[in-house]
Amino acid sequence: MNGPPETPDVSAPPVPTTVLRIRSLLPSLAPAERRVAQRIIDDPERAAASSITQLAKDCATSEATVIRFCRTIDFSGYRDLRLALATEAGQARGARSGSPELSSDINPDDTLVTVVQKIAYTDARAVEETGASLDVEVLRMVIDTMAGARRIDVYGVGASAFVGADLQQKLHRIGLTSFAWSDAHVMLTSAALLGEDDVAIGISHSGTTIDTVQALTEAGRRGAVTVAITNFPRSPIGFADHVLTTAARETTFRSGATASRLAQLTVVDCLFVGLAQSRYTDSRTALETTFEAVRGLRFSDERRRRRGEGPGGRSTDASDG
C-alpha cells in the first residue's frame with residue numbers, strides 16, 4: 004500500500020456483546036428458545052441475576068430448553084451465559100455514567116421532543132453497535148476481494164436499494180467498475196453474467212428478501228464471490244461466502260427503513276474507506292479528478308456573495324448535489 008504507515012491501535016473497538024449476538028440470531032431460534040432470548044434482550048441484568056430455574060419459569064419453558072439455547076449461541080452452559088451477561092451489564096452501567104437508557108419504541112403520548120430524542124438514540128446505537136458487531140477479519144477479506152475484482156454488482160430492494168446505490172456511487176468514484184440493481188429481473192440477468200473474477204453483494208436487513216437472495220444465489224452459482232450485508236446472519240441470505248452483520252434494533256415504525264439503513268451505511272462506509280485506503284494513491288487521484296469534473300456545477304464564492312451567502316469550504320464529495 005502507498006499510504007501513510009499504520010499507527011498503533013490505542014483504542015480497540017468494543018467486542019460484540021452477548022445481547023447483540025442473541026438479537027442477531029433471534030429469527031432463527033425455535034419458539035421456546037426465542038422466548039428465552041427475548042427475555043434476555045429485554046432485561047439482561049435480570050437474566051444475569053436469575054437462576055436457570057427462575058429463567059425457565061419466566062419464559063414458560065424447561066431448564067433443558069435454556070441449556071439448549073445456551074449451546075445454540077455458543078455457550079457451554081447457563082453459568083457461562085450468566086457470567087457474560089453480568090460482566091457486560093457492569094460495563095454498560097459504567098459507560099452510561101448514570102444516564103438512563105432510552106426505549107426505542109415510540110408511544111402515542113410521546114412529545115415531539117421525546118420522539119426526536121428516541122430517534123437520535125436509536126440511530127446512534129445502530130451505528131455504534133454495528134461497529135461493535137462487525138467482524139474486522141471478514142471485512143478485510145471482503146475489501147481484498149473487492150480490490151481485485153473485475154466488476155462488483157450490488158443487489159438490494161426497498162430501503163436497501165438506496166444503500167446499494169450509495170455503495171455503487173462510492174466505488175465508482177474511486178475507479179472501480181460497479182453496478183447497483185434493484186429490479187428482480189435485472190438483478191438475475193446481471194448475476195447470470197458474473198464469473199470467478201467478480202463480486203456480488205446482497206443487502207437485506209431481514210436476510211429474507213427473495214429477490215436479493217435469488218440474485219446472490221445465481222451470482223454464486225456462476226462463480227462470483229458473494230457477500231451479504233444483513234442484520235441476521237442465520238437468515239436465508241447467510242449462505243454467502245462472507246457475511247457482514249449490522250446491529251439495528253426494531254422500533255415501533257419499522258427499523259428496516261430507518262436505523263437499519265444507517266447501520267448498513269456504516270458497513271458501506273467501512274468497505275469504501277478500506278478500499279480507498281488499500282489503493283491510496285489511485286483513490287486520491289480519482290476523488291480529486293471527479294471533484295474537478297463537477298466543480299462547475301457549484302455556485303462559486305463570487306456568485307454566493309452576490310446571493311448574500313457566506314463562502315463555503317471546499318468539499319471532495321461529489322455526491323452532495
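Per my numbering: the sequence shown ends with 324, consecutive numbering throughout.
For each residue, glycine too, the CB sits at the ideal point set by N, CA and C.
Query raised in the report: Taking the continuous alpha helix (DSSP H) assigned at arginine 37, which residues delimit it?
Result: 34 to 45
Query raised in the report: Roughly how far, in whole angstroms, is the beta-carbon of valine 166 from the beta-carbon of isoleucine 206, given that I think they are within contact range, below 8 Å?
Result: 5 Å
Query raised in the report: Cα separation between aspartate 392 and glycine 299?
Result: With the chain represented from 4 up to 324, any question about residue 392 goes unanswered, as that position is not in the structure.
Requested in this report: Tell whether a beta-carbon distance below 8 Å holds between alanine 51 and leucine 88.
Outcome: yes
Report task. Could you please give me the residues that DSSP links to alanine 203 through a beta bridge? Result -> Asp156, Thr229
Report task. State the beta-bridge partners of leucine 247 as determined by DSSP. Result -> Ile232
Requested in this report: Whole angstroms is fine: what's the gap from threonine 269's alpha carbon to threonine 148's?
Outcome: 19 Å
**Report entry** glycine 151 beta carbon near the ligand ZN (any heavy atom closer than 7 Å)
**Finding:** This structure does not include the ligand ZN; it has no bound ligands of any sort.
Query raised in the report: So what does serine 181 bridge to, in DSSP terms?
Result: Ile155
Query raised in the report: Among Thr114, Ala266, Thr261, which has the Cα closest to the Cα of threonine 249?
Result: Ala266
Query raised in the report: CA-CA distance, valine 119 and proline 111?
Result: 14 Å
Report task. Could you tell me how far apart the beta carbons of valine 145 and leucine 274 are, in whole angstroms, since I believe they sit closer than 8 Å? Result -> 7 Å
Query - Contacting residues, own chain, Cβ-Cβ under 6 Å from glutamate 132 (five flanking each side not counted) - result: Leu23, Ala250
Requested in this report: Use the C-beta contact count for histidine 188: other C-beta atoms within 10 angstroms, 16 or more gives buried, fewer gives exposed.
Outcome: exposed
Report task. Enumerate in chain order the residues of its own chain whose CB-to-CB distance from glycine 241 is below 8 Å, with the five nearest sequence positions on each side excluded. Result -> Gly210, Ala231, Thr233, Phe235
Requested in this report: Compare the C-alpha of glycine 198 against each of Ala183, Thr212, Gly226 and name the closest.
Outcome: Gly226
Query - DSSP state of alanine 129 mapped onto helix, strand, coil - result: helix
Query raised in the report: Which class does serine 136 belong to by DSSP, given the choice of helix, strand or coil?
Result: helix
Query raised in the report: Around the Cβ of aspartate 128, are there at least 16 other Cβ atoms within 10 angstroms (buried) or fewer (exposed)?
Result: Before going on, a small fix: residue 128 reads as arginine here, not aspartate. With 16 or more Cβ atoms within 10 Å of its Cβ, arginine 128 is classed as buried.
Query raised in the report: Are arginine 176 and threonine 284 close, meaning C-beta to C-beta below 8 Å?
Result: no
Query raised in the report: Thinking C-alpha only, which one of Val216, Asp45, Ala35 is nearest threonine 21?
Result: Asp45
Requested in this report: Identify, in the order they occur along the chain, each residue of the same chain with its Cβ nearer than 7 Å to the Cβ of alanine 168, setting aside the five sequence neighbours on each side.
Outcome: Ala183
Requested in this report: Grab me the residues of threonine 180's own chain with a C-beta within less than 6 Å of its C-beta, minus the 5 sequence neighbours each way, in chain order.
Outcome: Arg154
**Report entry** Which of helix, strand or coil DSSP assigns to arginine 330
**Finding:** The requested residue 330 is not part of the displayed model; the chain covers only 4 to 324.
Query raised in the report: Excluding sequence positions up to five away, which residues of its chain have a Cβ less than 8 Å from the Cβ of valine 141?
Result: His245, Val246, Leu247
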